[in-house]
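J.: This is the structure I have questions about; it appears just below.
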Amino acid sequence: MTAPKLPPKLAGLNDEINVAHEAWLWLKVNLAFLTGAIAVTLAGILLARLLSRWADRALMRATHIEPTVAKFLSNIIKYALWVVVAVTVLTQFGVQTTSIIAALGGLALAVGLALQGTLSNVAAGVMILIQRPFRVGEFITAGTVSGTVQGIGLFTTELLQLDGQYVMVPNNELWNKAVVNASRMPTRRFELVVPLAYEDDLTAAKAAMLELAHADPRVLAEPAPVAFVASLGDNAVRVGMRVWCNAGDLLALTWALNEGVKLKFDELGMHIATGVAAPAR
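If you read the sequence shown in this note's numbering, its first letter stands for residue 162, the second for the next number, and so on.
In structure tokens:
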């Protein structure tokens, strides 16, 4: 004799009671394991937050590290800690993480190959910010590009050229070329060489050039200005002058001394030879 069938509502309630009972039995058996897994999760999250904050503050306080690099390294540390916490928690819950780690490694490799140009700019940006071949506000020349540095990022460097044009240069282009920094040193040397006719007074020409140099307040006393004979050509004597000045005065001093020598030689009746090619230097 078969048992009578329960009404649909009672049958559904009976199934729910059975599921709840089985869940309660599983919870009693695995309570200690579950408690440990939750504790590991909470401890991992707390520890990751504390370590990432400590690393962020330490890097930001480091005076020898650029703020952009400090923030970049801080983010790497933070994400690495979260990955460690996630893997540890999944392991605690019995999940096999080997295949997950392998998949993440393959994904990272694929992304790296797809973005190798971008990643090379990031690597170059980090090296520029660490090595500091130039800083914001300095005037540099690298290859065919020159200008005052407006900003240094992880991907690009912003330059303002002398003619007012804005240039954005990929960091990899700067890192792989010799960079000439015209602003790094506080003083600069200016050299002026003039082809003088052989019949003119060489001693008077040198004295006139030194007089102009000593009269200009932008010319530094040390190293002292010097006048010299650079070379003897077929049609002219190349007489020169070297002076030192502060880096910010170089352009204006160049214009002033070029004009001053021309006017002074005209006043003394000296002849600047024309059609004389400059020698290789």
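Glycine residues also receive a C-beta, built at the ideal position from the N, C-alpha and C atoms.
(1) So which of Gly421, Val354, Asn396 and Gly308 has the shortest CA-CA distance to Arg403?
(2) Using C-beta distances below 6 Å, list every residue in its chain close to Phe389, excluding the 5 sequence neighbours before and after it, in chain order.
(3) Tell me which residues share the same chain as Thr196 and place their Cβ nearer than 6 Å to its Cβ, disregarding the 5 neighbours each side in the sequence.
(4) Less than 8 Å between the CB atoms is what I'm expecting for Leu387 and Leu357, so what's the real figure, rounded?
(5) What does a CB cutoff of less than 8 Å around Leu363 pick up in its chain, not counting 5 residues either side in sequence?
(6) Buried or exposed for Arg349, going by 16 or more other Cβ atoms inside 10 Å?
(7) Note down the Cα distance separating Leu323 from Ser307, rounded to an integer number of angstroms.
(8) Take the Cβ of Met431 as the centre, count every other Cβ of all protein chains shown within 10 Å, and call the residue buried at 16 or more, exposed below.
(9) Phe389 by DSSP, collapsed to three states: which one?
(10) Residues in its own chain within less than 6 Å of Ala172 by CB, not counting five upstream and five downstream?
(11) On the three-state DSSP scale, how would you describe Asn396?
(12) Of all the options Thr305, Leu411, Val328 and Trp336, which has the alpha carbon lying nearest to the alpha carbon of Ala343?
(13) Would the region 335 to 342 and the region 373 to 388 be scored as touching if the rule is three or more Cβ pairs under 8 Å?
(14) Leaving out five residues before and five after Ile238 in sequence, what residues of the same chain have Cβ atoms less than 7 Å from its Cβ?
(15) Provide the residue(s) that pair with Ala303 in DSSP beta bridges, ordered along the chain.
(16) Would you call the CB atoms of Asp377 and Ala417 closer than 8 Å?
(17) With Thr317 as the anchor, note down where its beta strand (DSSP E) starts and where it stops.
T.: The answer reads as follows:
(1) To locate residue 403, count along the sequence shown from 1; it is residue 242. It is Val354 whose Cα lies nearest to the Cα of Arg403.
(2) Locating residue 389 in the sequence shown gives position 228, where the first residue counts as 1. Same-chain partners within the cutoff: Gly401.
(3) On the sequence shown, position 35 is the one that residue 196 refers to. No residues qualify anywhere along the chain.
(4) Position 226 of the sequence shown, counted from the start, is the residue given in the question as residue 387. Position 196 of the sequence shown, counted from the start, is the residue given in the question as residue 357. Before going further, note that residue 387 is Val rather than Leu in the sequence given. Between Leu357 and Val387 the Cβ distance is about 17 Å, and since that is not below 8 Å, they are no contact.
(5) Residue mapping note: residue 363 aligns to position 202 of the sequence shown, counting from 1. Answer for Leu363: Leu357, Val390, Val398 and Val400, listed in chain order.
(6) Position 188 of the sequence shown, counted from the start, is the residue given in the question as residue 349. Flag for Arg349 reads buried.
(7) Walking along the sequence shown from the start, residue 323 turns up at place 162. Walking along the sequence shown from the start, residue 307 turns up at place 146. Whole-angstrom Cα-Cα distance: 8 Å.
(8) In the sequence shown, residue 431 corresponds to position 270, counting from 1. Buried: at least 16 other Cβ atoms inside 10 Å.
(9) Within the sequence shown, the letter at position 228 stands for residue 389. Note: Phe389 maps to strand in three-state DSSP.
(10) Position 11 of the sequence shown, counted from the start, is the residue given in the question as residue 172. Confidence at Ala172 is low in this model, with a pLDDT of 48, below 50, so the placement of that residue should be treated as unreliable; the coordinate-derived value is given next. So no residue of the chain qualifies.
(11) The residue labelled residue 396 in the question sits at position 235 within the sequence shown. Coil at Asn396, not helix or strand.
(12) Indexing the sequence shown from 1 puts residue 343 at position 182. Here the closest residue by C-alpha is Leu411.
(13) no
(14) On the sequence shown, residue 238 is found 77 positions in, with the first residue counted as 1. Same-chain partners within the cutoff: Ser213 and Ala216.
(15) Locating residue 303 in the sequence shown gives position 142, where the first residue counts as 1. For Ala303, which the question treats as bridged, DSSP gives the partners Val306 and Val340.
(16) Your numbering for residue 377 matches position 216 in the sequence shown. Your numbering for residue 417 matches position 256 in the sequence shown. Yes, the Cβ-Cβ distance between Asp377 and Ala417 is below 8 Å.
(17) Here residue 317 refers to the residue found at position 156 when the sequence shown is read from its first residue. It spans Thr317 to Leu321 - the beta strand (DSSP E) in which Thr317 sits, taken as one unbroken run.
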